[in-house]
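Student: Have a look at the structure that comes next, please.
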Amino acid sequence: MSAYKAFRVELADKIAHVVINRPEKVNAMSADFWTEIVEIFNWIDTNDEVRVVVISGAGKHFSSGIDLMMLAQVGNQLGKDPGRNADVLRRKILELQASFNAVDACRKPVLAAIQGYCLGGAIDLISACDMRYSTLDAQFSIKEIDMGMAADVGTLQRLPRIIGDGMMRELAYTGRTIGGEEARSIGLVNRTFVDEAALLDGVFGIAREIASKSPIAIRGTKKMIGYMRDHRVDDGLEYVAVWNANMLQSPDLRIAMAAHMSKQKPEFAD
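Under UniProt numbering, the residues of the sequence shown are numbered 1 to 270, in order.
Encoded structure:
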């Protein structure tokens with residue numbers, strides 16, 4: 001693993017811990033953040049030793065969202081021609097979208113552990129994760145509306161599938177802040193914890209449970225869930241039949257069944 005400017009990455013017990021590591025800047029998403037996260041998740045996706053991912057923020061907060069200094073740098077690239085400005089902005093937006101697409105497309109489950117601020121672009125990030133967990137005092141807000149813009153890096157596309165269309169609209173139109181308990185009640189987070197220590201302990205416990213399962217079965221399950229976002233039920237049934245016609249030939253199935261019958265813990269190859 002390389003040294004990163006915006007992240008700290010650790011691998012232990014088949015769990016990759018990806019930490020947004022700019023606590024002095026409230027973990028704001030700098031230019032380095034957007035390029036490094038793609039590199040990190042490409043490494044995770046191709047490393048068979050990694051079975052599950054936990055993403056968290058160093059310090060008191062998960063992330064305050066996009067670094068305003070980076071936005072200012074983009075603004076400095078704009079000139080007097082609206083057409084050329086539009087081309088610059090479109091390419092930059094697509095580049096940022098690709099960063100969180102890398103998280104969404106990762107074959108391994110990604111769990112977000114959230115404390116403190118989770119604002120603006122951080123909502124885009126956690127929307128691309130498989131599951132989300134938070135402290136009770138976490139604060140969530142789709143802040144883009146207060147900046148005079150529409151969120152454009154995934155929140156409006158992914159969040160309705162997580163919390164429902166009506167609630168997403170309320171949060172996106174008002175920009176209001178919700179706490180951990182309301183986030184849990186609307187399904188934005190699966191579970192809340194009393195503090196950061198309990199949060200990380202709980203999330204890593206879930207991660208270890210996932211890591212103990214057949215990696216073939218986990219990847220197939222994630223692939224099927226993702227496929228159903230954009231397809232009909234009958235399409236999904238046909239796809240899982242084709243998928244499992246191949247994957248059920250893996251030794252993992254026999255290992256899992258034998259362990260279940262003998263009440264032993266199964267051990268799966270990477």
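Note that beta-carbon positions come from the ideal geometry of N, C-alpha and C, so glycine has one too.
Nothing here was measured: the structure is a model prediction, and the numbers come from that model.
I'd like to confirm the pairing. Which residues does DSSP put opposite VAL52 in its beta bridges?
Tutor: BP columns for VAL52 point to ILE15.
Student: Taking C-alpha atoms, which residue in PRO251, TRP243, GLU209 and ALA98 lies nearest to PRO109?
Tutor: Looking at the Cα atoms, GLU209 is the closest of the given residues.
Student: Given a threshold of 16 other Cβ atoms within 10 Å of its Cβ, counted over all protein chains shown, does TYR173 qualify as buried or as exposed?
Tutor: The residue is exposed, with fewer than 16 neighbouring Cβ atoms inside 10 Å.
Student: Report buried or exposed for ILE126, applying the criterion of at least 16 other Cβ atoms within 10 angstroms of its Cβ.
Tutor: Buried, by the Cβ-count rule.
Student: Measure the alpha-carbon distance for ASP48 versus ARG219 and round it to whole angstroms.
Tutor: Straight-line Cα distance between these residues: approximately 11 Å.
Student: Specify the secondary structure class of GLU10 as computed by DSSP and reduced to three states.
Tutor: It is a strand residue.
Student: To which residues does DSSP link ALA122 through a beta bridge?
Tutor: In DSSP, ALA122 forms no bridge with anything.
Student: Do SER214 and ASP270 come within 8 Å of each other at the CB atom, strictly closer than that value?
Tutor: No, the Cβ-Cβ distance between ASP270 and SER214 is not below 8 Å.
Student: With a 10 Å radius around its C-beta and 16 neighbouring C-beta atoms as the bar for buried, classify SER64 as buried or exposed.
Tutor: SER64 is buried by the Cβ-count criterion.
Student: Taking 8 Å as the cut-off, decide whether the C-beta atoms of PHE140 and CYS118 are in contact.
Tutor: Going by C-beta atoms, PHE140 is nearer than 8 Å to CYS118.
Student: Taking only runs that begin and end inside the segment 78 to 131, name each unbroken beta strand (DSSP E) of 3 or more residues, in chain order.
Tutor: 110 to 114 and 117 to 119, all fully within the segment 78 to 131.
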